[in-house]
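Worksheet for the structure shown next.
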Amino acid sequence: MNIRLKAVFGTMIIFTVVLALFIAYAFQFLQQAKNEELQYRSGELAELVAFSSRGYLLNENYTGLRNLTNSLTEHHDIAFITISMKGQIIAHSQNHSLSDGVTVAKYDMSGEDGPVAEVSVGYRNHFSDAVSSPVGRLLMYGAAAIGILAVVMMYVVTVAVTRPLKKAYEINVNRFGNAELLSDHDEISATVALIEQMQTKLESSNNQLQESLRDQKFSFAEARQIEEKNLAIYNASHDAIVVANDQDIIIEFSPVAEQLFGWERHEIVGRAMADTLVPKALREAHIKGMQHFLKTGEGPVLNQRIELTAVRRSGREFPIEISISAAKTTQGFIFVSYIRDITQRLKDQTELKLAAHAFNVSDAMFISDSKGHIIRTNPAFTAVTGYKREEVEGAKPRTLSANPEDSQFHKLIWKELLDKGVWNGELPLRHKEGHELPVRMSMTAVTGEDGVLSHYVAHFFDLSEQKHYESILRQAHKEAEQASESKGRFLAAMSHEIRTPMNGVLGVLGLLKETPLTKDQVNLVQTARDSGELLLAIINDVLDFSKMEAGKLSLENTPFDIYALVNQTAEILRPQAEDKGLQLSSDIKESAPQYLIGDGDRIRQIILNLVSNAIKYTKSGNVSISLNGESQTHTRATIRLDVTDTGIGIDEAHLKTLFDEFTMVESSYNRTHEGSGLGLAICKQLVDLMDGDISVESTVGQGSTFSLHLSLKLAEAEDVQTAHYETPKSQDDNSVSTDLRILMAEDNPANQIVLRTMLEMSGLSVDIASNGREAVEAVKKIPYDIILMDISMPEMDGLAATQAIRQMDSPAKDVIIVALTAHAIRGDKEHFLNSGMNDFVSKPFTRAAIMDCLTRWQAKLSTPTKAIAPPVEEVEPIDSDDPDNNLVDEATLNQLVKDTSSEVVPELVVFYIEDARMRVEKIANAADAKDYYGLEFEAHTLGSSAAAHGNKGLCELCRKIEQQCLEQQFDAALATAKALKILAEASFRALESRLQRGFTA
-16 MNIRLKAVFG TMIIFTVVLA LFIAYAFQFL QQAKNEELQY RSGELAELVA
34 FSSRGYLLNE NYTGLRNLTN SLTEHHDIAF ITISMKGQII AHSQNHSLSD
84 GVTVAKYDMS GEDGPVAEVS VGYRNHFSDA VSSPVGRLLM YGAAAIGILA
134 VVMMYVVTVA VTRPLKKAYE INVNRFGNAE LLSDHDEISA TVALIEQMQT
184 KLESSNNQLQ ESLRDQKFSF AEARQIEEKN LAIYNASHDA IVVANDQDII
234 IEFSPVAEQL FGWERHEIVG RAMADTLVPK ALREAHIKGM QHFLKTGEGP
284 VLNQRIELTA VRRSGREFPI EISISAAKTT QGFIFVSYIR DITQRLKDQT
334 ELKLAAHAFN VSDAMFISDS KGHIIRTNPA FTAVTGYKRE EVEGAKPRTL
384 SANPEDSQFH KLIWKELLDK GVWNGELPLR HKEGHELPVR MSMTAVTGED
434 GVLSHYVAHF FDLSEQKHYE SILRQAHKEA EQASESKGRF LAAMSHEIRT
484 PMNGVLGVLG LLKETPLTKD QVNLVQTARD SGELLLAIIN DVLDFSKMEA
534 GKLSLENTPF DIYALVNQTA EILRPQAEDK GLQLSSDIKE SAPQYLIGDG
584 DRIRQIILNL VSNAIKYTKS GNVSISLNGE SQTHTRATIR LDVTDTGIGI
634 DEAHLKTLFD EFTMVESSYN RTHEGSGLGL AICKQLVDLM DGDISVESTV
684 GQGSTFSLHL SLKLAEAEDV QTAHYETPKS QDDNSVSTDL RILMAEDNPA
734 NQIVLRTMLE MSGLSVDIAS NGREAVEAVK KIPYDIILMD ISMPEMDGLA
784 ATQAIRQMDS PAKDVIIVAL TAHAIRGDKE HFLNSGMNDF VSKPFTRAAI
834 MDCLTRWQAK LSTPTKAIAP PVEEVEPIDS DDPDNNLVDE ATLNQLVKDT
884 SSEVVPELVV FYIEDARMRV EKIANAADAK DYYGLEFEAH TLGSSAAAHG
934 NKGLCELCRK IEQQCLEQQF DAALATAKAL KILAEASFRA LESRLQRGFT
984 A
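Rendered as structure tokens:
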């Protein structure tokens, strides 16, 4: 044996020992690396399964979880997967083809509240296979053999030297297929090379394993990102997403679907789509369509958008747009439906159709852009304006206006459109043919979703016909108002004009009655006087009714004592009842409140009317007034007043119309009783104004009961004024002192004569003033005790004269002033008293009324002295032989001298001329301004003054102007007014010439 063999042999022994140690250490190192790698890979594998299962566990989708485990165990290296929760297995799947060499990996899933579930994965370990493979076992056995050879080598040195190397050679050839590594001359080098090659291979395998693990981690992260991205897209979709399997079972339901259908996800997942979302009418077609696809793979409705009807959880059906896609999975087909509600879209489409239809058939319309240029018109636009669409396109609406130059008006329209978004109003357009076209237009500003103005829409309709009829109606209304106003003025004027001469008639009849007359003459005088008084009563009724009809009658709201009102009314009418042998009584119940707030005078008027009728239509028996309280609160009371008679009664057929105007029950009364037929109508309207009620119950031959129901506010006793003025107690007529200084302000000569005669027959004297101004001047000169003041007089009326007297700085301002007037409309008395007068006597007056008034007020006066006024003497007639007699009426001047004095008349005439010239100027100005009301008023005033001062021709011309205005002959009135100034100036010069000749008494 050579040294080399010995060295080799020794080295082999050492190498064998080292190799045995190295192999043991290598096996131990590989086993440890394998265990660590197995543990790492087991953890990652269990973690991957856990992450894949987490979504299903959180959503409690156990069906999906089981499907996941089944799909994972289909892998050839996965033996089983078990997922348990709280000790209970919720999903398990096993690959029965693997039973040996299985490694088990576990992973505990935890949440914020603690452990959630445990995942166990069994898989085949390839590293275990490598160790237990023939090569691994050979290495193990080789190591054992080397050990044995090391022991045997002691015995068999030569044979054992080469056998391990040969064995290594065989292993090298079998493992790596390289026969050049081992040679008979360099066994050690070959062995070292072999070991290095094995180490290189191991390192390469390890690097490949690490790279594979890195690839798995990257693939898992990428898969997770894709899953999160898909989930975000799924949740962000505006369409509802519903996923169903090939059994029509819903397996996914998006949040939008929850809002759309009203189902919660956990409520609907697992239920059939046909039973929950498809209307009954479509369920059969839905099921057949799915079956047809599963058999043939064809679906006519797949992958396209169609419009159908769906049903909400509430059972309400609604239109939808749906797109269905089919996808193949390991567990079969799934169907993904994308659904959106198209209710609003269909509604908008319908509205657009209707709008388009309305645009073509409605009012005239045009649409302009944001700059105001017309871009579209409808057929009605052409029909109204005459312009075709192409003729106005691009133009501005202003060009259609009849007043395009009125830029300010159009700027205001556009400003209001920009500020408010809408403009409504009337404006004139210009028709294509040139005539003006009044229209009512409404313009609206249209903005987009971003709030930016985009268009203007205007629609309008022709007002030509409407304006024509409005003009007719306005003219008719104006004529009706003028007629009503003329009627009112006529009635007011007629009241005064009738009362004034009636005062003279009745006054003369009263005076005549006091002269020696035969019995027949007395009867005739009494009949005439009764007829005159009846005429005045009718006039009063007509005036009251006229004011009510015109709506100009107002009610007062003052405290009054209704007990006193009822008793006083009964006392007033008691003589009338006694003259017919009737008993008149009043009965006031304790339940009726005494003090109320309302119009006491009007209530008295109603009671007077009802009681007067009862007395009039009752031949025998009695008439009673009953006051009763029906209900009462702390602020108001409802009273009932009954007037009952035992008269002729009223048949039922006439009760319905009893309160109508101009109504008299002819068949019952047979016109044996005079009257206007307005009394009950006036009562009815007064009660209606008071928000009350009046009714009647009557039996023919037995009598009638008129009932009045009123609800009035309560008053306190201290609030009730017993009188607006002091009224001294009456004395005997013959107690009036003959020294009483009396002034009468009256412009009517007849009334002057009647009143003077009445007073002279009582031994009294009186001074006469023909107007208020003369009365004021007379009071300044003479301390009168009492003034009988007419209201309507020329130059200065009675109210103005009273105010002038009350403003004097002398004791004369406290003189007693009694209103003496034909103004008897309700409310006049109070107005006169509030204006400073002390008492009121209505025309026509009687001597008894005058003497009673004088007697009452004499007690308030200091001891009267003889009047300073000179005795009234007869005035000599003025010579009428004058060339100006056609302008100046001498008879009027003579009467004026007779009524005043020859010294006062010149002053009155001078003042009249100054005032009249001013009136003439006012008439001329009114005529120039076409102020017909002012023209009428000034002509009336000047005419009255001219008549009082003898300018007869001027008076007639003024009356003519006044009448023309009243009759609405305005052109004629203007023509007459032009001639007035010349005649007036001539009349004034003639009167001034007459003044130069003076007046003598």
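Here the working numbering is used: the first residue of the sequence shown is -16, the next is one more, and so on. Ideal Cβ positions, reconstructed from N, Cα and C, are used throughout, including at glycine.
Report the residue from I61, L548, G604, K403 whose alpha carbon sits nearest the alpha carbon of L436.
Residue 436 sits at position 453 when you count from the first residue of the sequence shown. It is K403 whose Cα lies nearest to the Cα of L436.
Going by CA-CA distance only, name the one from R359, T292, R299 that's closest to L329.
Taking the sequence shown and counting its residues from 1, the one referred to as residue 329 is at position 346. Of R359, T292, R299, the residue nearest in Cα terms is T292.
Check whether the segment 678 to 696 touches the segment 621 to 634, taking contact to mean three or more Cβ pairs, one atom from each stretch, closer than 8 Å.
Contact between the segment 678 to 696 and the segment 621 to 634 is present, because at least three Cβ pairs lie under 8 Å.
Kindly indicate the opening and closing residues of the alpha helix (DSSP H) around S775.
The residue labelled residue 775 in the question sits at position 792 within the sequence shown. Counting along the chain, no alpha helix (DSSP H) covers S775, and no H or E run does either.
Just to confirm my understanding: we take R942, look at its own chain, exclude 5 residues before and 5 after, and list those with CB closer than 7 Å. What are they?
If you number the sequence shown from 1, residue 942 lands on position 959. Excluding its 5 nearest sequence neighbours in each direction, R942 has C-beta neighbours in its own chain below 7 Å: G926, listed in chain order.
According to DSSP, what are the bridge partners of M1000?
Shown here, the chain extends from -16 to 984; a query on residue 1000 therefore has no answer.
Cβ-based neighbour list, S425, same chain, cut-off 8 Å, excluding 5 preceding and 5 following:
As a working mapping, residue 425 is identified with position 442 in the sequence shown. The answer, listed in chain order, is V405, W406, N407, A441, H442, F443.
Out of curiosity, what's the CA-to-CA distance linking V679 and T510?
Numbered from 1 along the sequence shown, position 696 holds the residue referred to as residue 679. Numbered from 1 along the sequence shown, position 527 holds the residue referred to as residue 510. Using only the alpha carbons, I get a separation of about 33 Å.
With three or more beta-carbon pairs closer than 8 Å as the criterion, would you say the segment 695 to 702 touches the segment 562 to 581?
Per the Cβ contact rule, the segment 695 to 702 is in contact with the segment 562 to 581 (3 or more Cβ pairs under 8 Å).
On the DSSP letters alone, give me the boundaries of the beta strand (DSSP E) that N611 sits inside.
Here the question's residue 611 lines up with position 628 in the sequence shown. Per DSSP, N611 is one residue of the beta strand (DSSP E) stretching across 605 to 615.
Cβ-based neighbour list, Q77, same chain, cut-off 6 Å, excluding 5 preceding and 5 following:
What you label residue 77 is simply residue 94 of the sequence shown in a count that begins at 1. Excluding the 5 residues flanking it on each side, Q77 has same chain C-beta neighbours closer than 6 Å at F63, in chain order.
Among D768, Y600, L816, which has the Cα closest to the Cα of A795?
The sequence position of residue 795 within the sequence shown is 812, counting from 1. Looking at the Cα atoms, D768 is the closest of the given residues.
What residue range is occupied by the uninterrupted beta strand (DSSP E) comprising H275?
Translated into the one-based positions of the sequence shown, residue 275 becomes position 292. Going by DSSP, H275 is part of no beta strand (DSSP E) but of the alpha helix (DSSP H) stretching over 263 to 279.
Nearest CA to the CA of V226: which residue from A309, R977, Q735, R739?
Position 243 of the sequence shown, counted from the first residue, corresponds to residue 226. Residue A309 is the option with its Cα nearest to V226.
Span separating the alpha-carbon of I270 from that of A257
On the sequence shown, position 287 is the one that residue 270 refers to. On the sequence shown, position 274 is the one that residue 257 refers to. Between the alpha carbons of I270 and A257 lies a distance of about 7 Å.
Give every residue of the same chain whose Cβ lies closer than 6 Å to the Cβ of S306, excluding the five residues on either side of it in the sequence, and list them in chain order.
Here residue 306 refers to the residue found at position 323 of the sequence shown. The answer, listed in chain order, is R288, Y321.
Continuous alpha helix (DSSP H) stretch holding S720: start and end
Locating residue 720 in the sequence shown gives position 737, where the first residue counts as 1. Element bounds for S720: n/a, residue is neither H nor E.
Three-state secondary structure (DSSP) at A88?
By 1-based counting over the sequence shown, the position of residue 88 is 105. A88: strand per DSSP, three-state reduction.
Rounded straight-line distance, which links the Cα of R49 to that of N992
The displayed coordinates of the chain run from -16 to 984. Any statement about residue 992 would go beyond what the structure contains.
Taking a contact to mean a Cβ-Cβ separation below 8 Å, would you say I751 touches E729 in this structure?
To locate residue 751, count along the sequence shown from 1; it is residue 768. To locate residue 729, count along the sequence shown from 1; it is residue 746. Contact: yes.
Excluding five sequence neighbours on each side, which residues of the same chain lie with their C-beta closer than 6 Å to the C-beta of R977?
Here residue 977 refers to the residue found at position 994 when the sequence shown is read from its first residue. Cβ neighbours of R977 beyond the five flanking positions: V871.
Continuous beta strand (DSSP E) stretch holding Q566: start and end:
Here residue 566 refers to the residue found at position 583 when the sequence shown is read from its first residue. Element bounds for Q566: 566 to 571.
My guess is that D346 and A366 are in contact by the Cβ rule of under 8 Å, so how many angstroms apart are they, rounded?
Residue numbering aside, residue 346 sits at position 363 when the sequence shown is read from its first letter. Residue numbering aside, residue 366 sits at position 383 when the sequence shown is read from its first letter. Contact between D346 and A366 fails: their C-beta atoms lie close to 10 Å from each other, not under 8 Å.
Coarse secondary structure for T959, derived from DSSP in three states:
Counting from one through the sequence shown, the residue named residue 959 turns up at place 976. If DSSP states are grouped into helix, strand and coil, T959 belongs with the helices.
First and last residue of the alpha helix (DSSP H) that includes K599?
Position 616 of the sequence shown, counted from the start, is the residue given in the question as residue 599. DSSP places K599 in the uninterrupted alpha helix (DSSP H) bounded by 583 to 599.
Residue environment, E649, which counts as buried when at least 16 other CB atoms sit within 10 Å
The residue you call residue 649 lines up with position 666 of the sequence shown. Only weak support is given to the placement of E649: the predicted model assigns it a pLDDT of 45, under 50, and the question is left unresolved by the model.
Whole-angstrom Cβ separation of L940 and V903, contact assumed at under 8 Å?
Looking up residue 940 in the sequence shown gives position 957. Looking up residue 903 in the sequence shown gives position 920. At roughly 11 Å, the Cβ-Cβ gap does not stay under 8 Å, so L940 and V903 are not in contact.
Are the CB atoms of A958 and L918 nearer to each other than 8 Å?
On the sequence shown, position 975 is the one that residue 958 refers to. On the sequence shown, position 935 is the one that residue 918 refers to. With contacts defined as CB atoms closer than 8 Å, A958 and L918 fail to qualify as a contacting pair.
Nearest-angstrom Cα distance between E813 and A560?
For the purposes of this step, residue 813 is taken as the residue at position 830 of the sequence shown. For the purposes of this step, residue 560 is taken as the residue at position 577 of the sequence shown. Between E813 and A560, the C-alpha separation is close to 29 Å.
Span of the alpha helix (DSSP H), counted from its first residue to its last, around Q942
As a first step, residue 942 is located in the sequence shown; it is residue number 959 there, counting from the start. According to the sequence provided, residue 942 is Arg. The question's Gln does not apply to it. Its alpha helix (DSSP H) spans residues 935 to 949.
With a floor of 4 residues, list each alpha helix (DSSP H) that falls wholly inside the segment 22 to 107, ordered by position along the chain.
Qualifying alpha helix (DSSP H) stretches, in chain order: 45 to 56.
Answer yes or no: do V102 and Y90 have a C-beta to C-beta separation smaller than 8 Å?
Sequence index remark: in the sequence shown, residue 102 carries index 119 (1-based). Sequence index remark: in the sequence shown, residue 90 carries index 107 (1-based). Against a cut-off of 8 Å, the Cβ pair of Y90 and V102 comes out as a contact.
Expressed to the nearest angstrom, what Euclidean distance is found between the alpha-carbon atoms of A787 and Y895?
Stepping through the sequence shown from its first residue, residue 787 is reached at position 804. Stepping through the sequence shown from its first residue, residue 895 is reached at position 912. The straight-line gap from Cα to Cα measures roughly 18 Å.
Can you give the Cα-Cα distance for P283 and E409, rounded to whole angstroms?
In the sequence shown, residue 283 corresponds to position 300, counting from 1. In the sequence shown, residue 409 corresponds to position 426, counting from 1. Cα to Cα, P283 sits roughly 60 Å from E409.
Use the C-beta contact count for F815: other C-beta atoms within 10 angstroms, 16 or more gives buried, fewer gives exposed.
Position 832 of the sequence shown, counting from 1, holds the residue named residue 815. With a threshold of 16 other beta carbon atoms within 10 Å, F815 meets it and is buried.
Could you round the C-beta distance between N605 and S569 to whole angstroms and report it? I think they count as a contact, below 8 Å.
Stepping through the sequence shown from its first residue, residue 605 is reached at position 622. Stepping through the sequence shown from its first residue, residue 569 is reached at position 586. The beta carbons of N605 and S569 sit about 11 Å from each other, so the pair does not count as a contact at 8 Å.
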